[in-house]
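Single-structure report; data block below.
Protein chains: 2
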Amino acid sequence: MHAVCSDLEGVWVPEVWINVSLKTGIEDLKYTTRDIKDYDELMRYRIKILKQHGLKLKDIQNVIATIRPLDGAPEMVSWLKKVTRFIVVSDTFVEFASPLIQQLDWPTLFCHSLVVDEEGNITGYALRQKDSKKKVVQALRSLNYQVIAFGDSYNDISMLQEADNAILYNPPENVVDDYPQFPVIHDYTELKKYLLPHFGTG
Amino acid sequence: MHAVCSDLEGVWVPEVWINVSLKTGIEDLKYTTRDIKDYDELMRYRIKILKQHGLKLKDIQNVIATIRPLDGAPEMVSWLKKVTRFIVVSDTFVEFASPLIQQLDWPTLFCHSLVVDEEGNITGYALRQKDSKKKVVQALRSLNYQVIAFGDSYNDISMLQEADNAILYNPPENVVDDYPQFPVIHDYTELKKYLLPHFGTG
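What follows is the structure, given as structure tokens:
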């Protein structure tokens, strides 16, 4: 019996913050962990910028709701929900992910959450736990599932390393160079072809 | 952050084997763990009866596909998928559950699997693991989720005992008598009312 864990951004939907920056016209929101390595620093910076522009959670959710999943993503997610135990594992926040997960017809999502005050302002965030992606794979393995994991970036590596089978899906070149041990797959057709033999009959 | 685990039969769909017995007219398939306490003995008996009647997996799946979810179940499952991390945890087999899970629009299901030969005959079964329901709660707790669990029968008790909050959903009287510590809920409206304050804002 197998289970599949996948990243969200870069695999099923575009990068959220880059799109939020483009759609709101707020340049300062375009930075990612590639620019500010420390995630806590980056998130505190984003929350500060949102506050400066008077943007509440609802405003950001409305912007995120205009982002569309990648071509073919809903169909591929729908297939995975039918043929395996499929969990989306993300370092984003459930409140930001919801408008996108809705467009993927609500697969199960494990991620972090925001702290929002009574007026709807984002005041902070709560990480579910440290090593959150890796721990999901460990949890599924503790349930006797063979875990297949895929993601596109550095924050997926610990999840990939913990899985029985792992794939870099559409990764940037530097990730491929740093982790040559993982097979690289570029589109859903190729991904399905890779997964089918691993699913076997179970 | 919370997660919800629920049983399948008796909570979202009727008892499968009783219905398979009714719909096929095969009396010998109506027995459940209430009649034959040892689960392995019961399953080996069922597989023998299926073989005697020349019934393949596909035949049973066709029968199961005619069973309908309980009134209001698809709507309640749909709501749970949106507002929490929702996992159906069952002691049935993925091959039997699929025609029902499909009618619930494919929530994530953790259960056991059948052994099927090349001709489509059911030749055995593979339990995912011992204490499979309890271990799902432990796995979700290891991911830092507060787990709310509900089920209707004896095989749910270890899951309920492991959860942060637990409910007996529409249980038979003997289960209520044996486990008076769990609140008893009888319909989805009442269930939703119970769950909402537990979800809080997260």
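Those protein sequence lines, which keep their order, are chains W and Z. So the first sequence is numbered by this note's numbering: it starts at 312 and just counts up by one. So the second sequence is numbered by this note's numbering: it starts at 312 and just counts up by one. Even glycine gets a Cβ: it sits at the ideal position worked out from N, Cα and C.
#1: What I want to know is whether the C-beta of residue 508(W) ends up closer than 7 Å to one or more non-hydrogen atoms of the ligand SAM.
#2: Does residue 359(Z) come within less than 8 Å of chain W when only Cβ atoms are used?
#3: Note down, in chain order, all residues in the region 436-448 of chain W with a beta-carbon under 7 Å from any beta-carbon belonging to chain Z.
#4: I'd like the list of long-range same chain contacts for residue 407(W), defined as Cβ closer than 8 Å, with 5 residues on each side in sequence excluded.
#5: Any idea if residue 494(Z) is buried or exposed, counting beta-carbon neighbours within 10 angstroms, 16 or more meaning buried?
#6: So, with DSSP's three-state summary, where would you put residue 335(W)?
#7: State yes or no: is the beta carbon of residue 477(W) nearer than 8 Å to at least one beta carbon in chain Z?
#8: Leaving out five residues before and five after residue 330(W) in sequence, what residues of the same chain have Cβ atoms less than 7 Å from its Cβ?
#9: I want to see whether chain W comes within less than 8 Å of residue 333(Z), judged by CB atoms only; does it?
#10: Taking the straight line between their C-alpha atoms, what separation do you get for residue 462(Z) and residue 504(Z)?
#11: Quick one: which unbroken alpha helix (DSSP H) runs of 4-plus residues sit fully inside the region 346-417 of chain Z? Chain order, please.
#12: Are the C-beta atoms of residue 403(W) and some chain Z residue less than 8 Å apart?
#13: Since residue 505(Z) is in the alpha helix (DSSP H), which residue starts that stretch and which ends it?
#14: If we count the other Cβ atoms within 10 Å of its Cβ and call it buried at 16 or more, is residue 482(W) buried or exposed?
#15: When you compare each of 453(Z), 382(Z), 420(Z), 367(Z) to residue 432(Z) by their alpha carbons, which one comes out closest?
#16: Name the residue from 484(Z), 485(Z), 460(Z) whose alpha carbon lies nearest to the alpha carbon of residue 477(Z).
#17: Rounded to the nearest angstrom, what separates residue 442(W) and residue 396(W) at their Cα positions?
#18: How many Å lie between residue 390(Z) and residue 383(Z) at the Cα?
#19: So which residues on chain W does residue 396(Z) lean against when the C-beta distance must stay under 8 Å?
#20: I'd like the span of the alpha helix (DSSP H) that includes residue 486(Z), first residue to last.
#21: Are three or more beta carbon pairs between the region 345-354 of chain Z and the region 486-502 of chain W nearer than 8 Å?
#22: Answer with yes or no whether the minimum CB distance from residue 348(W) to chain Z is below 8 Å.
#23: Check for me: the beta strand (DSSP E) holding residue 449(W) runs from which residue to which?
#24: Cβ of residue 513(W) less than 8 Å from any chain Z Cβ?
#25: For chain W, check one thing: does any of its Cβ atoms lie closer than 8 Å to the Cβ of residue 312(Z)?
Reading from the atomic positions:
#1: What this structure holds is no ligand at all, so the ligand SAM is not there to describe.
#2: Numbered from its first residue, the second sequence carries residue 359(Z) at position 48. Output row for residue 359(Z): interface = no.
#3: 439, 440, 446, 447
#4: Here residue 407(W) refers to the residue found at position 96 of the first sequence. Correct list, in chain order: 327, 371, 372, 375, 425.
#5: Position 183 of the second sequence, counted from the start, is the residue given in the question as residue 494(Z). Under this definition residue 494(Z) is an exposed residue.
#6: Indexing the first sequence from 1 puts residue 335(W) at position 24. The answer is helix: DSSP assigns residue 335(W) an H, G or I state.
#7: Residue numbering aside, residue 477(W) sits at position 166 when the first sequence is read from its first letter. It does not: the Cβ of residue 477(W) has no partner Cβ on chain Z nearer than 8 Å.
#8: Counting from one through the first sequence, the residue named residue 330(W) turns up at place 19. Here the set comprises 378.
#9: For the purposes of this step, residue 333(Z) is taken as the residue at position 22 of the second sequence. No, residue 333(Z) does not count as interfacial toward chain W.
#10: What you label residue 462(Z) is simply residue 151 of the second sequence in a count that begins at 1. What you label residue 504(Z) is simply residue 193 of the second sequence in a count that begins at 1. Answer to the nearest angstrom: the Cα atoms are 17 Å apart.
#11: 350-363, 368-375, 384-394, 405-414
#12: In the first sequence, the residue the question calls residue 403(W) occupies position 92. Not one chain Z Cβ lies under 8 Å of residue 403(W).
#13: Position 194 of the second sequence holds residue 505(Z). Looking at the DSSP string, the run of the alpha helix (DSSP H) that includes residue 505(Z) is 499-510.
#14: Residue numbering aside, residue 482(W) sits at position 171 when the first sequence is read from its first letter. The residue is buried, with at least 16 neighbouring Cβ atoms inside 10 Å.
#15: Taking the first residue of the second sequence as position 1, residue 432(Z) is located at position 121. The shortest Cα separation from residue 432(Z) among 453(Z), 382(Z), 420(Z), 367(Z) belongs to 367(Z).
#16: For the purposes of this step, residue 477(Z) is taken as the residue at position 166 of the second sequence. Checking every option, the nearest Cα to that of residue 477(Z) belongs to 460(Z).
#17: By one-based count along the first sequence, residue 442(W) stands at place 131. By one-based count along the first sequence, residue 396(W) stands at place 85. So the two alpha carbons sit approximately 21 Å from each other.
#18: Residue mapping note: residue 390(Z) aligns to position 79 of the second sequence, counting from 1. Residue mapping note: residue 383(Z) aligns to position 72 of the second sequence, counting from 1. The straight-line gap from Cα to Cα measures roughly 11 Å.
#19: Your numbering for residue 396(Z) matches position 85 in the second sequence. Correct list: 419, 420, 421.
#20: Locating residue 486(Z) in the second sequence gives position 175, where the first residue counts as 1. Segment 484-489, the alpha helix (DSSP H) holding residue 486(Z).
#21: no
#22: Residue mapping note: residue 348(W) aligns to position 37 of the first sequence, counting from 1. No, residue 348(W) does not count as interfacial toward chain Z.
#23: What you label residue 449(W) is simply residue 138 of the first sequence in a count that begins at 1. No beta strand (DSSP E) contains residue 449(W), which is instead part of the alpha helix (DSSP H) from 443-453.
#24: Here residue 513(W) refers to the residue found at position 202 when the first sequence is read from its first residue. At residue 513(W) the pLDDT is 49, less than 50, meaning the model places this residue with poor confidence and gives no usable figure here.
#25: For the purposes of this step, residue 312(Z) is identified with residue 1 of the second sequence, where counting begins at 1. Cβ-Cβ to chain W under 8 Å: yes for residue 312(Z).
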